[in-house]
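Just so you know, the sequences run in chain order P and X. Under this note's numbering, the first residue of the first sequence is numbered 27, with each subsequent residue one higher. Under this note's numbering, the first residue of the second sequence is numbered 175, with each subsequent residue one higher. Where is the CB? At the ideal position from N, CA and C, for every residue including glycine. Bear in mind the structure is a predicted one, so any value in this text is a computation, not a measurement.
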Amino acid sequence: MVVHKINFPIYGIIVVLSVLIGCIYIYKNLRKEGIDKKLLLYYFFMFVAFAFICGKIYTILVNINEGIDLLHAGLSAYGGLLGVVLASIIYEYIFPCNKKIIKYSILSLPLIYGLSKIACTIVGCCHGIPYTGPFSVKYIDVLDEFVFPVQLLEVILNLVLFFILNKFKDKKNITYISLLVVSIVKFLTDFLRYDHIHTFITANQIFSIILL
Amino acid sequence: MILGDIMNYCPNCGNQLPQGASFCTKCGGKLGVYQQPQQAQISPEDDKKANNLSLISLGLFFGPSALSILSAGISASTSAGSRITAISSALSGVCTLAAIVLMIVARVKYPKNKLAKIVMWIYIALFAIGIIGSVLLILACAYACRNC
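Here is the structure:
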């Protein structure tokens with residue numbers, strides 16, 4: 027499959043929509059648990075700020091020798107993920123809610139990440155290792171060879187993971203299991219990314235091990 | 175009010191409850207979940223605490239960001255300078271997050287405080303300007319590149 031460059035800001039739209047869908051999921055479940063509406067709205071403000079700024083801080087620190095500043099730093103999905111986990115822990119610490127905020131925030135991570143990877147699949151960023159087998163894809167203006175559709179694999183794996191974890195959301199320790207499984211999937215799929223070719227272990231994989 | 179570890183009283187209405195209760199039998203409030211304080215007026219001590227939180231929040235939000243912008247211009251030419259720029263940018267990001275957390279704490283715990291409300295609206299306005307600015311920039315780039 028050959029993908030041509032799309033002259034439309036589709037990447038940003040899909041990422042914003044994926045975060046919005048994740049927030050709706052968290053909101054619906056926390057309202058069912060009896061959490062106050064205003065408390066939730068403040069949480070979402072913090073949720074978005076932490077996801078956005080931690081995504082940038084992660085990019086800055088991983089590329090520390092390039093001296094990127096906050097305004098020009100790109101957004102890292104993994105940094106956003108860490109930001110969301112941090113936001114939920116801090117908010118739960120300040121305004122205790124029986125750890126429901128942490129639980130549903132972590133449960134929403136594979137949903138948000140999986141949907142946002144649709145943007146990467148279309149645009150061609152975070153692409154896979156060189157590959158010419160079934161389902162291989164070539165992104166014109168990004169790379170001059172066929173690659174593995176690792177972004178599509180991440181979409182499928184994360185969405186399936188979300189539906190399974192959501193089905194068992196009332197089980198004990200589901201929060202820890204969710205974080206564990208999301209980290210393992212991220213760690214393993216990173217081996218199929220182009221960035222991994224000349225690297226033994228990527229920064230994302232190091233953070234996955236830390237999370238585990 | 176923040177709930178303690180052992181709850182024998184409802185934090186909402188003060189009704190005495192058996193240990194392990196998940197709902198108050200008098201007001202129906204869910205236990206173990208933070209309840210916003212229901213005050214008609216804020217006391218002078220609480221007002222002062224809220225003002226302090228709001229001022230620290232403003233300081234954390236604007237102070238490190240300004241320093242970060244200055245240091246980016248001064249030190250970007252050398253590799254050590256690049257690292258300083260990166261670290262100061264990361265620190266200003268952390269301070270921004272701390273500022274937002276403090277603002278939220280002030281708004282939730284002291285909802286009647288005026289300064290906390292003003293600070294909240296300043297951050298919302300800046301956030302909205304950022305979003306609108308980003309969207310306009312993306313549309314401008316897409317328009318400029320339409321024949322690329």
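Checklist entry - Does the Cβ of phenylalanine 121 of chain P have 16 or more other Cβ atoms within 10 Å, making it buried, or fewer, making it exposed? => result Along the first sequence, one-based indexing puts residue 121 of chain P at 95. Buried, because 16 or more other Cβ atoms sit within 10 Å of the Cβ of phenylalanine 121 of chain P.
Checklist entry - Among P/Leu87, P/Val110, P/Phe194 and P/Tyr119, which has the Cα closest to the Cα of alanine 99 of chain P? => result By one-based count along the first sequence, residue 99 of chain P stands at place 73. Alanine 99 of chain P has its Cα closest to that of P/Leu87, out of P/Leu87, P/Val110, P/Phe194 and P/Tyr119.
Checklist entry - So isoleucine 132 of chain P and valine 111 of chain P are in contact, right, with Cβ under 8 Å, and what is the actual spacing, rounded? => result Translated into the one-based positions of the first sequence, residue 132 of chain P becomes position 106. Translated into the one-based positions of the first sequence, residue 111 of chain P becomes position 85. With a Cβ gap of about 7 Å, isoleucine 132 of chain P and valine 111 of chain P count as contacting.
Item to check | Closer than 8 Å to chain P by CB, glycine 267 of chain X | outcome: By 1-based counting over the second sequence, the position of residue 267 of chain X is 93. For glycine 267 of chain X, the nearest beta carbon of chain P is closer than 8 Å to its own beta carbon.
Checklist entry - Going by the CB atoms, is the gap between tyrosine 220 of chain P and aspartate 145 of chain P shorter than 8 Å? => result Numbered from 1 along the first sequence, position 119 holds the residue referred to as residue 145 of chain P. Numbered from 1 along the first sequence, position 194 holds the residue referred to as residue 220 of chain P. For clarity, residue 145 of chain P is alanine in the given sequence; the question names aspartate instead. Contact: no.
Checklist entry - Taking all protein chains shown into account, do 16 or more other C-beta atoms lie within 10 angstroms of the C-beta of aspartate 179 of chain X, making it buried, or fewer, making it exposed? => result Position 5 of the second sequence, counted from the start, is the residue given in the question as residue 179 of chain X. In this predicted model, aspartate 179 of chain X has a pLDDT of only 40, less than 50, meaning its place in the structure is not dependable enough to derive any value.
Checklist entry - CB serine 263 of chain X to CB leucine 191 of chain P, shorter than 8 Å? => result For the purposes of this step, residue 263 of chain X is taken as residue 89 along the second sequence, with counting starting at 1. For the purposes of this step, residue 191 of chain P is taken as residue 165 along the first sequence, with counting starting at 1. Cβ atoms of serine 263 of chain X and leucine 191 of chain P: not closer than 8 Å.
Checklist entry - Excluding five sequence neighbours on each side, which residues of the same chain lie with their C-beta closer than 6 Å to the C-beta of glutamate 171 of chain P? => result Here residue 171 of chain P refers to the residue found at position 145 when the first sequence is read from its first residue. Around glutamate 171 of chain P: Pro156.
Checklist entry - Among P/Leu205, P/Gln231 and P/Ser204, which residue has its Cα nearest to the Cα of leucine 214 of chain P? => result To locate residue 214 of chain P, count along the first sequence from 1; it is residue 188. Measuring from the Cα of leucine 214 of chain P, the nearest candidate turns out to be P/Gln231.
Next on the checklist: Is aspartate 216 of chain P near the ligand GDP - that is, is its Cβ less than 7 Å away from at least one heavy atom of it?
Outcome noted: Of the ligands one can find in the structure shown there are none, so the ligand GDP has no counterpart to examine.
Checklist entry - Nearest CA to the CA of histidine 153 of chain P: which residue from P/Gln177, P/Ala77 and P/Gly159? => result Against the first sequence, residue 153 of chain P aligns to sequence position 127. Of the listed residues, the one whose Cα sits closest to histidine 153 of chain P is P/Gln177.
Checklist entry - Shortest alpha-carbon distance to serine 239 of chain X belongs to which of X/Gly267, X/Lys283 and X/Gly307? => result Counting from one through the second sequence, the residue named residue 239 of chain X turns up at place 65. Of the candidates X/Gly267, X/Lys283 and X/Gly307, the one whose C-alpha sits nearest the C-alpha of serine 239 of chain X is X/Gly267.
Next on the checklist: I'd like to know whether the C-beta of serine 263 of chain X is nearer than 8 Å to at least one C-beta of chain P.
Outcome noted: Translated into the one-based positions of the second sequence, residue 263 of chain X becomes position 89. Closer than 8 Å: yes.
Checklist entry - Rounded to a whole number of angstroms, what is the C-alpha to C-alpha distance between leucine 177 of chain X and phenylalanine 174 of chain P? => result Walking along the second sequence from the start, residue 177 of chain X turns up at place 3. Walking along the first sequence from the start, residue 174 of chain P turns up at place 148. Confidence at leucine 177 of chain X is low in this model, with a pLDDT of 39, below 50, so its placement is unreliable and no value can be given for it.
Item to check | Proximity to serine 228 of chain X [Cα-Cα], best of X/Thr259, X/Arg281 and X/Glu219 | outcome: As a position in the second sequence, residue 228 of chain X is number 54, starting the count at 1. If we check each option's Cα against that of serine 228 of chain X, X/Arg281 comes out closest.
Item to check | Of the listed residues P/Phe161, P/Leu206, P/Phe194 and P/Lys143, nearest to isoleucine 182 of chain P (C-alpha basis) | outcome: Within the first sequence, numbered from 1, the residue matching residue 182 of chain P stands at position 156. Among P/Phe161, P/Leu206, P/Phe194 and P/Lys143, the Cα nearest to that of isoleucine 182 of chain P is on P/Lys143.
Checklist entry - In three-state terms, what does DSSP make of glutamine 177 of chain P? => result Your numbering for residue 177 of chain P matches position 151 in the first sequence. Note: glutamine 177 of chain P maps to helix in three-state DSSP.
Item to check | alanine 75 of chain P and leucine 271 of chain X closer than 8 Å at C-beta | outcome: For the purposes of this step, residue 75 of chain P is identified with residue 49 of the first sequence, where counting begins at 1. For the purposes of this step, residue 271 of chain X is identified with residue 97 of the second sequence, where counting begins at 1. Yes.
Checklist entry - Can you tell which of P/Ile115, P/Ile236 and P/Leu66 has the C-alpha that lies nearest to the C-alpha of threonine 201 of chain P? => result Position 175 of the first sequence, counting from 1, holds the residue named residue 201 of chain P. Cα-wise, what sits closest to threonine 201 of chain P is P/Ile115.
Checklist entry - Out of P/Tyr119, P/Tyr139, P/Ser134 and P/Tyr84, which has the shortest C-alpha to C-alpha gap to alanine 260 of chain X? => result For the purposes of this step, residue 260 of chain X is identified with residue 86 of the second sequence, where counting begins at 1. The shortest Cα separation from alanine 260 of chain X among P/Tyr119, P/Tyr139, P/Ser134 and P/Tyr84 belongs to P/Tyr84.
Next on the checklist: Alpha carbons only, please: which of P/Ile39, P/Met72 and P/Ile50 is nearest the one belonging to phenylalanine 301 of chain X?
Outcome noted: Start at 1 with the first residue of the second sequence, and residue 301 of chain X comes out as number 127. Comparing Cα positions, the closest option is P/Met72.
Checklist entry - According to the Cβ coordinates, are tyrosine 150 of chain P and tyrosine 165 of chain P closer than 8 Å? => result Numbered from 1 along the first sequence, position 124 holds the residue referred to as residue 150 of chain P. Numbered from 1 along the first sequence, position 139 holds the residue referred to as residue 165 of chain P. Sequence check: residue 150 of chain P is glycine here, not tyrosine. Yes, the pair counts as a contact, with Cβ atoms nearer than the cut-off.
Checklist entry - Distance, Cα to Cα, valine 186 of chain P vs glycine 106 of chain P? => result Taking the first sequence and counting its residues from 1, the one referred to as residue 186 of chain P is at position 160. Taking the first sequence and counting its residues from 1, the one referred to as residue 106 of chain P is at position 80. When rounded, the distance between both Cα atoms is 21 Å.
Checklist entry - For aspartate 220 of chain X, which option in X/Ile298, X/Ala299, X/Lys283 and X/Ala316 has the closest C-alpha, if you only look at C-alpha atoms? => result Position 46 of the second sequence, counted from the first residue, corresponds to residue 220 of chain X. Of X/Ile298, X/Ala299, X/Lys283 and X/Ala316, the residue nearest in Cα terms is X/Lys283.
Checklist entry - With a Cβ-Cβ cutoff of 8 Å, do phenylalanine 233 of chain P and tyrosine 130 of chain P count as a contact? => result By one-based count along the first sequence, residue 233 of chain P stands at place 207. By one-based count along the first sequence, residue 130 of chain P stands at place 104. Not closer than 8 Å, so no.
Next on the checklist: Could you tell me the alpha carbon to alpha carbon distance between tyrosine 51 of chain P and serine 134 of chain P, rounded to whole angstroms?
Outcome noted: Taking the first sequence and counting its residues from 1, one reaches residue 51 of chain P at position 25. Taking the first sequence and counting its residues from 1, one reaches residue 134 of chain P at position 108. Distance between the alpha carbons of tyrosine 51 of chain P and serine 134 of chain P: 7 Å.
Next on the checklist: Buried or exposed for threonine 158 of chain P, going by 16 or more other Cβ atoms inside 10 Å?
Outcome noted: Numbered from its first residue, the first sequence carries residue 158 of chain P at position 132. Counting Cβ neighbours within 10 Å, threonine 158 of chain P comes out exposed, since fewer than 16 surround it.
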